[in-house]
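Residue 1045 is where the sequence shown starts when you use my numbering, and the numbers rise one by one after that.
All residues carry an ideal CB built from backbone N, CA and C; glycine is no exception.
Notes to accompany the following structure.
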Amino acid sequence: MSGLQQWYFSPIDMLKTPSTVHGCTLEEELSARQKGVELLLRVAGQLRLPVNAFVAAAAYFHRFYMRNSIKDYNYRDIAATCIFLATKVEECGRKLKDVATTVIFKTNASLKPDTDIQVLENSKVCTVSCGGVPRWSYLSKEHKKWTENILVYEETLLDSLCFDLVVESPHACLATAFNSAAVGTGQHEIFQVMDIAFPQDSAPEEQQVLDSVVLNAWGIAHDTLRIPICLFFSARIIAASCFMISLVSCSNLSTEWTDFPSPFDRYLSADPSMLVWLEKFSLRSSDIQQISDCIFIMLCFYKTSEPNERIQSPIPYQQLVPPTLAAVQWPPTSTPASSQPTHEQTNVG
């Protein structure tokens, strides 16, 4: 197996990752994955990285933990390393010292970027302490630690990824399906082929509804990075699912759109006339089941808790299993020993 195919798994594989073999529950692993992606997204935002860079970083992160345990590798270390590697792969390079500095401030809420960055860069002792340690001394040690950690873990990351750094982006698929020049007019071709476009001289409020579908789909694609959905579906399937969720939530606000599948039946039916929109994502009617499964996982993420406290539910990974694997008992009565070497984790404040 080579290329992208080696990075596609079945949802049931989430029940037997190296982390779960080491004793983590699925909830704990999903939580750690989400926290790691949240960190790399905050770092990416501070570094002003393009979308393709942090999409690649999130994919590296999720792939890494399909071959390594969270108990062996601190998710903060790997998240920082994924960002640094992605900046090089996607040709938007950032200096290692800048990545390390950003990570320090994103992992320590007590630090003040406006003043502490000057303290660090000017290399002068500040009388203000941090945890009883002179501030410059603390920042200098933290910076050295993160710089060294990123360099060390970069080799481990590349080895785990088999130097396969190609990542398909659902954002790129959405950009292809939509016409960016049409934003503000509501005149997107995909809505016209679905026969839901408004006339060009329609009220601005009606045009804004369709524009909001486009923008919300982009935001939903951001949310997918926080869960390991890129391990189960292609970027085109994810992009189409984001579009469907956005369309139903924006155009049918009077219903509970997370009550799957009823609000989606119209666009995921077997009626060929209702499937013309799939062509905009280079998909076919045979892909409908994957889109349905992808939407199911995403809606479970949205329904589990409040927006600022969302943690992916383990339910979809327990339910979406191929029929041939549905009867498999996991974990087995005798948990196999992990073949992964144990590495000392770095404590981060």
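Hey, residue i and residue j: beta-carbon distance below 9 Å or not?
i: V1087; j: F1105; result: no
i: S1329; j: P1316; result: yes
i: R1077; j: R1280; result: no
i: N1112; j: P1062; result: yes
i: T1146; j: L1183; result: no
i: T1131; j: L1093; result: yes
i: P1055; j: D1337; result: yes
Just tell me which of the options has its CA closest to the CA of residue i.
i: D1267; options: V1253, S1256, L1254 and I1289; result: I1289
i: V1196; options: D1121, L1093, D1337 and P1062; result: D1121
i: D1255; options: E1134, C1294 and R1280; result: C1294
i: P1214; options: L1319, S1336, L1291 and S1278; result: S1278
i: I1339; options: A1265, K1188, K1079 and G1067; result: A1265
i: E1212; options: N1193, I1194, C1206 and I1273; result: I1273
i: N1193; options: K1141, K1150, W1321 and S1204; result: K1141
i: W1262; options: N1096, C1068, K1139 and T1069; result: N1096
i: Q1049; options: F1345, C1206 and L1218; result: C1206
i: D1217; options: Q1333, L1322, I1341 and T1191; result: Residue identity differs from the one stated: residue 1217 is Cys in this sequence, not Asp. Taking only the C-alpha atoms, the option nearest C1217 is L1322.
i: T1191; options: L1259, S1204, R1138 and Q1333; result: R1138
i: A1219; options: Q1252, V1258 and L1319; result: V1258
If I measure Cβ to Cβ from residue i and keep anything under 7 Å in the same chain, skipping five residues before and after, which residues do I get?
i: L1084; result: F1098, A1101, A1102, F1105, A1123, C1126 and I1127
i: L1129; result: Y1104, E1198 and L1201
i: I1114; result: S1063, C1068, E1073 and A1076
i: F1308; result: M1288, V1292 and I1339
i: A1144; result: H1187, W1190, T1191 and I1194
i: C1136; result: L1093, P1094 and A1097
i: K1079; result: Y1119
Skipping 5 residues on each side, what residues in its chain have a beta carbon closer than 6 Å to that of residue i?
i: K1324; result: A1221 and I1234
i: E1186; result: I1148
i: D1057; result: none
i: W1051; result: R1107
i: L1209; result: V1133
I'd like the list of long-range same chain contacts for residue i, defined as Cβ closer than 8 Å, with 5 residues on each side in sequence excluded.
i: F1053; result: M1110, L1275 and F1276
i: I1472; result: Nothing about residue 1472 can be reported from this structure: the residues present for the chain run from 1045 to 1393 only.
i: K1150; result: L1083, R1086, V1087 and Q1090
i: S1204; result: R1107, F1108, R1111 and N1112
In three-state DSSP terms, what is residue i?
i: S1329; result: helix
i: M1058; result: helix
i: L1129; result: helix
i: K1139; result: coil
i: E1134; result: coil
i: P1212; result: Before going further, note that residue 1212 is Glu rather than Pro in the sequence given. Looking at E1212 - three-state DSSP - the assignment turns out to be coil, as it is neither helix nor strand.
i: Q1362; result: Residue confidence is low: Q1362 scores 49 on pLDDT, short of 50, so the model does not pin down where it sits. Its coordinate-derived value is still stated next. Reduced to three states, the DSSP call for Q1362 is helix.
i: S1113; result: coil
i: H1187; result: helix
i: Y1311; result: coil
i: N1152; result: coil
i: I1234; result: helix
i: I1281; result: helix
i: I1271; result: coil
i: C1206; result: coil
i: L1291; result: helix
i: L1319; result: coil
i: S1193; result: Sequence check: residue 1193 is Asn here, not Ser. Helix.
i: F1345; result: helix
i: F1053; result: coil
i: N1118; result: coil
i: F1340; result: helix
i: F1222; result: coil
When you measure from the CB of residue i to every non-hydrogen atom of the ligand NAP, does any distance come out below 8 Å?
i: M1058; result: Summarising the ligand content, the structure contains no ligands, and the ligand NAP is consequently not present.
Report the residue ranges of all alpha helix (DSSP H) runs contained in full by the segment 1059-1102; include only those spanning at least 4 residues, in chain order.
-> Here the runs fully enclosed are 1062-1065 and 1070-1090.
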